[in-house]
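Sequence positions in the sequence shown follow this note's numbering and run 51 to 190.
Every residue gets a Cβ at the ideal spot worked out from N, C-alpha and C, and that includes glycine.
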Amino acid sequence: MNYIWPIALVVVSNIVYQICAKSVPRDIDPFASLTVTYLVGAAASAIAYFIANRGERLISEYGKLNWAPFVLGLVIVGLEVGFIYAYKAGWSVSKASVVQSSFLAVALLFVGFFLYREAITVSKVAGIVICLVGLFFINK
């Protein structure tokens with residue numbers, strides 16, 4: 051169960067995320083919308099931290115930070131605004147997610163190989179081919 055619930059959370063959250071990104075009003079600037087998104091996210095994160103850690107000092111945790119959370123904040127903005135603009139440009143929910151996921155899967159195969167020394171196997175190459183064939187058919 052500890053292996054399954056995180057992925058289930060990602061899938062459910064991603065479904066709701068895509069619905070919300072597609073539902074952002076067309077006449078609002080995506081960056082204005084994201085200011086509310088991140089205020090809500092920051093509040094939810096703080097509340098979850100205090101519930102999970104029973105009053106531990108959040109400030110002391112900040113001393114453990116490295117570069118990753120700062121860069122993650124920037125790239126999350128890119129992800130969010132990218133999807134919002136994709137939907138404003140007319141992408142459908144089903145196509146936008148599948149197209150980006152397919153390209154992401156291919157790119158992460160190389161990231162895994164070059165940064166983390168993960169093996170590129172025949173089955174992974176077959177997966178890339180299947181992703182590319184799928185992209186052809188989904189965009190037909």
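Simplified DSSP assignment, three categories, for residue i
i	result
THR171	coil
LYS190	coil
ALA139	coil
GLY113	coil
VAL126	A small correction: the amino acid at residue 126 is Ile; Val does not occupy that position in the sequence shown. It is helical.
ILE78	coil
Span of the alpha helix (DSSP H) around residue i
i	result
TRP106	The displayed chain sequence assigns Glu, not Trp, to residue 106. Segment: none, GLU106 is in no alpha helix (DSSP H) and carries neither H nor E.
ASN64	55-73
Top-ranked residue by Cα proximity to residue i, from the options
i	options	result
ALA216	VAL143, GLU130 and LEU185	Absent from the model: residue 216. The displayed extent of the chain is 51 to 190, so no value can be given.
TYR112	PHE133, ILE101 and ALA96	ALA96
ALA71	THR85, VAL143, ASN103 and TYR88	VAL143
SER147	GLY140, ILE54, ALA157 and PHE133	PHE133
LYS138	ASN64, ASP77 and TYR53	ASP77
GLU130	ASN116, ASP79, ALA58 and LEU115	ASP79
VAL199	ASN64, PHE187, THR85 and LEU158	Past the edges of the chain, shown from 51 to 190, lies residue 199, and the structure says nothing about it.
GLN150	SER110, ASN52, ASN189 and ALA92	ASN189
VAL127	TYR53, ILE57, GLY91 and LEU115	GLY91
GLN68	VAL172, ALA136 and PHE160	ALA136
PHE187	LYS145, SER173, VAL172 and ASN103	LYS145
Own chain residues within Cβ distance below 7 angstroms of residue i, not counting five before or after
i	result
SER152	CYS181, GLY184 and LEU185
VAL60	none
GLU106	none
VAL66	none
Residues near residue i by beta carbon distance below 6 angstroms, same chain, minus five either side
i	result
ILE178	VAL156
VAL215	Examination of residue 215 is not possible in this model, given that the chain is present from 51 through 190 alone.
Same chain only: Cβ atoms within 8 angstroms of residue i, ignoring 5 sequence neighbours per side
i	result
THR87	GLU130
The stretch 112-126 touching the stretch 149-168, judged by at least three CB pairs closer than 8 angstroms: Result no; under three Cβ-Cβ pairs closer than 8 angstroms.
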